[in-house]
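A.B. asks: Got a structure here, written out as structure tokens. Questions coming.
There are 2 protein chains.
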Amino acid sequence: MSESATPRVHIVGAGLIGASVGIGLSADGWAVTIEDVNDESARVARAIGAGGVLGDESPELVVVAAPPSVAPAVVQQALRAWADAVVTDVASVKQPIADAATAVDASRYVGSHPMAGREISGATAAQGDLFKARPWVVCPGQASEHAVSLVTRVARTLQGDVVVMDAAAHDAAVARVSHAPQVAASAVAAALGPLRHDDVALAGQGLRDVTRIAASHPAMWADIARLNRESLEVTLDHIIGDLEDVREADDIGEALTDLMERGRLEVARIPGKHGGPTRDWVPITVIVPDEPGQLLKLLSDAAAVGVNVEDITIEHSPRQPVGLTTLHVLPERAQDLLRALTSHQWEIASP
Amino acid sequence: MSESATPRVHIVGAGLIGASVGIGLSADGWAVTIEDVNDESARVARAIGAGGVLGDESPELVVVAAPPSVAPAVVQQALRAWADAVVTDVASVKQPIADAATAVDASRYVGSHPMAGREISGATAAQGDLFKARPWVVCPGQASEHAVSLVTRVARTLQGDVVVMDAAAHDAAVARVSHAPQVAASAVAAALGPLRHDDVALAGQGLRDVTRIAASHPAMWADIARLNRESLEVTLDHIIGDLEDVREADDIGEALTDLMERGRLEVARIPGKHGGPTRDWVPITVIVPDEPGQLLKLLSDAAAVGVNVEDITIEHSPRQPVGLTTLHVLPERAQDLLRALTSHQWEIASP
């Protein structure tokens, strides 16, 4: 196969990720086939352009997009079924699948983790550009150069942001940036249990932010926790230890200060825009009546003085028909914006 | 004093909350004086219209807006210094201050907790409408009707959303909706410590949401933790217990599913708009080039087909000059919006 010809790709698993890979590669002119253990899922995926039915010709690349719990076995099956094909998978945990692949043929297996975000499932939600501008982790392991370049090419074609990592390092990292935060968010939400409804209504934006991902469906997370148990346990021990240090401290204020100082240093490392340092945007909170067009008017008034809005957050008031909308802008533009909004009769809630 | 005449108010503490109360009441025509242990803070607050200098005439209402750590003592001093005045305070913890007040005169003390949000401090950030549309908890305790009506009138004048609660119930509630979530968010952030910078860059919107409040300054939180230690400990025990159940489970997947199911039920109780049930808005994610005016154009295109945007979230890509902007709209308008955006050449990232 020359580098310019596109390889025949077969996708095993027609859920959101599998179907989206199929749609994206098909749209780029690749020859794609797709299957699923569920006939109806496969039918839907094919109907929306995710690929055709596998014929007699063997695929050159197999993308395993099965649920994490079965991904190790399906990767092994694929390596055995197509003895010349490169195999990749898209699960959120990489080392257990690499181990399973190594038991068959490590040279033909490359791990992938396209970090496509939202907890939506099923082929009907699939989009060819689901991966655009999102990190797509590639774990080469002991794969051949050919295998790595093939999988990297898929990621690039789908406009993912390729990040090459060791599988174990990937699993340790996602335990801390993704898996343990999910568990902690659910635990914070579950701790609301004893409160009356009126008490829960005291919630501010802080609680909403912390618990947003606690609304996720547990099915996939259960699989992820089982596959990444070791790294998740180490991270949970870290978090539990810090919470216990606060809980047991002689001076709870001092212990919390220590924890918060360490947390602040880490938050500052989470990238802001374009991988640069996190910007110190200035928040300007405006009281926006909850009527169609008000948000547009607000942004128009900001644009009229040439102020670019870097970020927006909207906090809906539980009891009043207004939303507190916060515009985040560069510090040097904050005064201009405040002046402009005030002159347009906007009510500023807090700077 | 008649109900229509406004009482003479003296504010002790010229930080963000104290100065904002002063500005708001002064703007409404009340006679306000303000002091601070720090002369410069008092001078700044007076300069921006938060009140004058206390003269010979005794105040009828004293608002203690001192840091939580000294609030109990300052409330006692105020009750003693002005034997006819009603005294309130604005700290985030209410029972220890009520206990301190009861030792002097419970009939003249009413607890307040204006939940004004943002972690910004100092009089220069003060605004008279800091409290507008935010919950303002009033804890009557054993106060006289006159005292309760006076404090409630302050809250209403500042357009707060008055919520009457028992002090102990307030403290138990805020431990769960505010104090423990802060501790947990900091612990999740601190657990990023062992990661390399490139690994932290795998962070998605989930981690950003969970850890946003971990960027808060610890000083006030240390005070709050000391004053609300008992309720905070009970809540931390709840959270630690749930994390340990996941950590120690024979089947970590089953344990996480149980925790997430409980968390989902609680998240659904956090009010959405206007105290109604949380709306099932449909998220539509658009790839927006990071250029001035693009966000405005996006909202204009949405408004042109009459679709109201209920909420917006912006996820900045760490490596590419685009932002993934998600518009949340009513389910029945999602298809119209998708069609309109597509016809205006917007790239839709995921449904």
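So the protein lines, in turn, are chains W and X. With our numbering applied, the first sequence has no gaps in its numbers, which climb one by one up to 1340 at the end. With our numbering applied, the second sequence has no gaps in its numbers, which climb one by one up to 1340 at the end. In this text, a Cβ means the ideal position worked out from N, Cα and C, and glycines have one as well.
#1: At what residue ranges does the segment 1117 to 1168 of chain X contain a whole run of the beta strand (DSSP E), taking only runs of 3 or more?
#2: Beta-carbon within less than 6 Å of residue 1231/X's beta-carbon, same chain only, minus the 5 sequence neighbours each way: which residues are those?
#3: Confirm, please, whether the CB-CB distance from residue 1071/X to residue 1096/X is below 9 Å.
#4: For the beta strand (DSSP E) containing residue 1275/X, list its first residue and its last residue.
#5: Between residue 1042/X and residue 1053/X, how many whole angstroms is the CB-CB distance? I'm expecting something under 8 Å.
#6: Using the rule of at least 16 other Cβ atoms within 10 Å of the residue's Cβ for burial, across every protein chain shown, is residue 1102/X buried or exposed?
#7: By the 8 Å beta-carbon criterion, what residues does the segment 1219 to 1231 of chain X contribute toward chain W?
#8: Tell whether a beta-carbon distance below 9 Å holds between residue 1229/X and residue 1221/W.
#9: Please tell me whether residue 1195/W has its Cβ less than 9 Å away from any Cβ of chain X.
#10: DSSP three-state label for residue 1317/X, please.
#11: From the DSSP output, which residues share a beta bridge with residue 1022/X?
#12: Three-state secondary structure (DSSP) at residue 1333/W?
#13: Under the assumption that residue 1013/W contacts residue 1139/W (Cβ atoms under 8 Å), give the Cβ distance between them as a whole number of angstroms.
#14: For the segment 1123 to 1150 of chain X, which residues have a beta carbon sitting closer than 8 Å to at least one beta carbon of chain W?
#15: Using DSSP's beta-bridge definition, name the partner residues of residue 1102/X.
#16: Would residue 1352/X be called buried (16 or more neighbouring beta carbons within 10 Å of its own) or exposed?
#17: Report the partner residues of residue 1076/X according to the DSSP bridge assignment.
#18: If we call anything under 9 Å between Cβ atoms a contact, is residue 1303/W one with residue 1271/W?
#19: For chain X, is any of its Cβ atoms less than 9 Å away from the one on residue 1027/W?
#20: What ranges does the alpha helix (DSSP H) occupy inside the segment 1169 to 1239 of chain X, keeping only unbroken runs of at least 4 residues that lie completely in it?
#21: From the DSSP output, read off the bridge partner residues of residue 1300/W.
#22: Under the rule that 16 or more other beta-carbon atoms within 10 Å means buried, what is residue 1239/X, buried or exposed?
#23: Checking 9 Å against the spacing of the C-beta atoms, do residue 1175/W and residue 1253/X come in under that value?
#24: Please state whether DSSP places residue 1090/X in a helix, a strand or coil.
#25: Are the segment 1024 to 1031 of chain W and the segment 1000 to 1008 of chain W touching, with three or more C-beta to C-beta distances below 8 Å?
#26: Considering only the alpha carbon of each residue, which of 1234/X, 1125/X, 1217/X lies closest to residue 1245/W?
#27: What do you reckon, is the C-beta of residue 1325/W under 8 Å from a heavy atom of the ligand SAM?
#28: Using only CA atoms, which one of 1116/W, 1134/W, 1145/W lies nearest to residue 1126/W?
#29: Using a Cβ-Cβ cutoff of less than 7 Å, which residues in the same chain neighbour residue 1153/W once the five nearest sequence positions on both sides are dropped?
#30: Taking the straight line between their C-alpha atoms, what separation do you get for residue 1184/X and residue 1167/W?
#31: Grouping DSSP H, G and I as helix and E and B as strand, with all else coil, what is residue 1031/W?
#32: Helix, strand or coil, according to DSSP, for residue 1257/X in the structure here?
#33: Name, please, each residue of chain W whose Cβ falls closer than 9 Å to the Cβ of residue 1212/X.
#34: Pair every Cβ in the segment 1283 to 1300 of chain W with every Cβ in the segment 1312 to 1321 of chain W, then say whether three or more of these pairs are closer than 8 Å.
#35: Kindly indicate which three-state DSSP category residue 1292/W falls into: helix, strand or coil?
#36: Within 10 Å of its beta-carbon, does residue 1332/X have 16 or more other beta-carbons around it, so buried, or fewer, so exposed?
C.D. replies: For this structure:
#1: With a minimum length of 3 residues, the continuous beta strand (DSSP E) runs that stay inside the segment 1117 to 1168 of chain X are 1124 to 1128, 1150 to 1153.
#2: Against the second sequence, residue 1231/X aligns to sequence position 242. Excluding sequence positions up to five before and after residue 1231/X, its CB lies within less than 6 Å of the CB of 1248, all in the same chain and listed in chain order.
#3: Taking the second sequence and counting its residues from 1, one reaches residue 1096/X at position 107. Taking the second sequence and counting its residues from 1, one reaches residue 1071/X at position 82. Their beta carbons are not under 9 Å apart, which means residue 1096/X does not touch residue 1071/X by this criterion.
#4: As a position in the second sequence, residue 1275/X is number 286, starting the count at 1. Start and end: 1271 to 1278.
#5: Counted from its first residue, the second sequence places residue 1042/X at position 53. Counted from its first residue, the second sequence places residue 1053/X at position 64. With 8 Å as the limit, residue 1042/X and residue 1053/X do not qualify as a contact, their Cβ atoms being about 18 Å apart.
#6: Here the question's residue 1102/X lines up with position 113 in the second sequence. That one is buried.
#7: The segment 1219 to 1231 of chain X vs chain W, Cβ under 8 Å: 1221, 1222, 1224, 1225, 1226, 1227, 1228, 1229, 1231.
#8: On the second sequence, position 240 is the one that residue 1229/X refers to. On the first sequence, position 232 is the one that residue 1221/W refers to. No; because the gap between Cβ atoms is not below 9 Å, this pair is not in contact.
#9: Taking the first residue of the first sequence as position 1, residue 1195/W is located at position 206. It does: the Cβ of residue 1195/W has a partner Cβ on chain X nearer than 9 Å.
#10: Here residue 1317/X refers to the residue found at position 328 of the second sequence. Of the three classes helix, strand and coil, the one that applies to residue 1317/X here is strand, per DSSP.
#11: Numbered from its first residue, the second sequence carries residue 1022/X at position 33. For residue 1022/X, which the question treats as bridged, DSSP gives the partners 999/X, 1041/X.
#12: Within the first sequence, numbered from 1, the residue matching residue 1333/W stands at position 344. Coil, per DSSP.
#13: The residue given as residue 1013/W occupies position 24 in the first sequence. The residue given as residue 1139/W occupies position 150 in the first sequence. The C-beta separation of residue 1013/W from residue 1139/W comes to about 15 Å, leaving the pair out of contact by the 8 Å criterion.
#14: With the criterion set as a beta carbon lying under 8 Å from some beta carbon of chain W, the members of the segment 1123 to 1150 of chain X are 1123, 1124, 1126, 1150, in sequence order.
#15: Position 113 of the second sequence, counted from the first residue, corresponds to residue 1102/X. DSSP output for residue 1102/X lists 1126/X as bridge partner(s).
#16: Summary: the structure shown does not reach residue 1352/X, with chain X confined to residues 990 through 1340, and so no result is reported for it.
#17: In the second sequence, counting from the first residue as 1, residue 1076/X sits at position 87. As DSSP reads the structure, residue 1076/X sits in a beta bridge with 1051/X, 1098/X.
#18: By one-based count along the first sequence, residue 1303/W stands at place 314. By one-based count along the first sequence, residue 1271/W stands at place 282. Going by C-beta atoms, residue 1303/W is not nearer than 9 Å to residue 1271/W.
#19: Looking up residue 1027/W in the first sequence gives position 38. It does not; no Cβ of chain X falls within 9 Å.
#20: 1169 to 1179, 1186 to 1189, 1194 to 1200, 1207 to 1216, 1218 to 1237, all fully within the segment 1169 to 1239 of chain X.
#21: Translated into positions along the first sequence, residue 1300/W becomes position 311. DSSP output for residue 1300/W lists 1317/W as bridge partner(s).
#22: As a first step, residue 1239/X must be located in the second sequence, where it is residue number 250. The residue is exposed, with fewer than 16 neighbouring Cβ atoms inside 10 Å.
#23: Position 186 of the first sequence, counted from the start, is the residue given in the question as residue 1175/W. Position 264 of the second sequence, counted from the start, is the residue given in the question as residue 1253/X. Their beta carbons are under 9 Å apart, which means residue 1175/W touches residue 1253/X by this criterion.
#24: Here residue 1090/X refers to the residue found at position 101 of the second sequence. DSSP places residue 1090/X in the helix class (H, G or I) of the three-state scheme.
#25: A contact is defined here as three or more CB-CB pairs under 8 Å, and the segment 1024 to 1031 of chain W meets this definition with respect to the segment 1000 to 1008 of chain W.
#26: Within the first sequence, numbered from 1, the residue matching residue 1245/W stands at position 256. Per the Cα distances, 1217/X.
#27: What this structure holds is no ligand at all, so the ligand SAM is not there to describe.
#28: For this step, residue 1126/W is matched to residue 137 along the first sequence. Among 1116/W, 1134/W, 1145/W, the Cα nearest to that of residue 1126/W is on 1145/W.
#29: If you number the first sequence from 1, residue 1153/W lands on position 164. Same-chain partners within the cutoff: 1127, 1129.
#30: As a working mapping, residue 1184/X is identified with position 195 in the second sequence. As a working mapping, residue 1167/W is identified with position 178 in the first sequence. Each residue's Cα considered, the two are about 13 Å apart.
#31: Locating residue 1031/W in the first sequence gives position 42, counting from the first residue. Helix.
#32: Residue numbering aside, residue 1257/X sits at position 268 when the second sequence is read from its first letter. Correct three-state label for residue 1257/X: coil.
#33: As a first step, residue 1212/X is located in the second sequence; it is residue number 223 there, counting from the start. Under the 9 Å cutoff, chain W gives 1242.
#34: Verdict: yes, contact present.
#35: Mapped onto the first sequence, residue 1292/W falls at position 303. Helix at residue 1292/W.
#36: Indexing the second sequence from 1 puts residue 1332/X at position 343. Answer is exposed; the Cβ neighbour count stays below 16.
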